[in-house]
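Notes for the one structure printed next.
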Amino acid sequence: MSARLILAVPSKGRLQENVQDFFGRAGMPLVQARGARDYRGALGGVDDVEVAYLSASEIAAALASGAAHVGVTGEDLVRENIPQAETRVTLLEKLRFGFANVVVAVPQAWIDVRCMDDLDDVASHFHGRTGRRIRVATKYVNLTRSFFARHGIVDYRIVESAGATEGTPAAGSAELIVDITTTGATLAANGLKVVDDGIILRSEANLVASLTAPWTTGARAAARAMFDRMAAEKRARTMREVKTRFQQCDADLVEKAVAEFRCVAPFGGPTSSGMLTLHCPPDTLHGLATFLRTQGASMVTVGPLEYVFASDNPLYEALDARLSGR
């Protein structure tokens, strides 16, 4: 059994660029030794990781089967393509890119259809008048069935779409669609609108771990190292380093600053000379600087942080908890 961790990442497009940036910021560049056509690679700075370049849907399948240990893919594909997903994978973290919504969209000409209850009425009327069930074109069969069931809609049938789903109502092959959209512009261009409560899933790219992969000692060690760098970059990105020194600085003042401005004192309270280092979120930064100066600081300096390594490793701890509970 190989000890290497298999990391599955998108093989092309904007999502691949975002993933490259994500790992690069954490000091782990994705390396393709033979260029962009190489579908196997490595992760710079972390040993025993093999990178597999796959389509987003292939990544979901690889994670479900255990062919990959960790991957980056959309939540929509996890929810749609992996039966009982919560028992086979764990979504470790939303990555703040790859945003898209899975939605129910109907023709704009359906002016009386504003919500799913209206659609239920239309579907029932259509069935009673024609003897046929209203057709819903989609690639998201499982998400559609589950969502329609929650809204009590039964008078419909699914037409699985292999191409441009948004064009099926105009082509006469479906009455409405369930599809993924980012801005809604393509839907509007095809004469469609999203019903008010028709957002099935607000999806984005997620860091996903497989619960069925062979988690050897080596794979776990590689995951721990990889997640440690991710956590260090995230801490640094969400904090600024604040430094000051003044004799009036004491433990009570630091405790008040921490409580009021959501900052942390990574190295404890002030030194004997009054030197203090704090890590502060950007939105409370100016308030903290003002507070410190009113307490006696003549100068407060602020700087960016590149990485902040801590003793805890929240991503690995979340994974370990799920693996231990299998």
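Each step along the sequence shown adds one to the number in numbering that gives the first Met the number 0, with nothing skipped, and position 258 is 257.
Think of the CB as a built atom: it goes at the ideal place given N, C-alpha and C, for glycine as much as any other residue.
- In the structure shown, the three-state DSSP call for residue 152 is coil.
- Here the alpha carbon of residue 133 sits roughly 9 Å from the alpha carbon of residue 157.
- Contact check for residue 160 and residue 137: beta-carbon distance about 6 Å, within the 8 Å limit, so the pair qualifies.
- Residue 174: not part of any beta strand (DSSP E); DSSP gives it neither H nor E.
- Residue 16 counts as exposed, since fewer than 16 other C-beta atoms from the protein chains shown sit within 10 angstroms of its C-beta.
- Per the DSSP secondary-structure output, residue 6 pairs in a beta bridge with 50 and 69.
- The Cβ atoms of residue 202 and residue 101 sit closer than 9 Å to each other.
- In the DSSP assignment, residue 305 falls outside any alpha helix (DSSP H), carrying neither H nor E.
- Cβ-Cβ distances below 7 Å link residue 217 to 2, 3 and 47 in the same chain, with the five nearest sequence neighbours on each side left out; the list follows chain order.
- Going by DSSP, residue 28 is part of no beta strand (DSSP E) at all; its letter is neither H nor E.
- For residue 297, there is no enclosing beta strand (DSSP E), as DSSP marks it with neither H nor E.
- Going by beta carbons, residue 286 and residue 239 fall outside the 9 Å limit.
- Taking a C-beta distance under 9 Å as the contact criterion, residue 210 and residue 77 do not qualify as a contact pair.
- For residue 243, the closest C-alpha among the options 199, 149, 295 and 195 is that of 295.
- Taking residue 263 as reference, the option from 219, 309 and 298 with the minimal CA-CA separation is 309.
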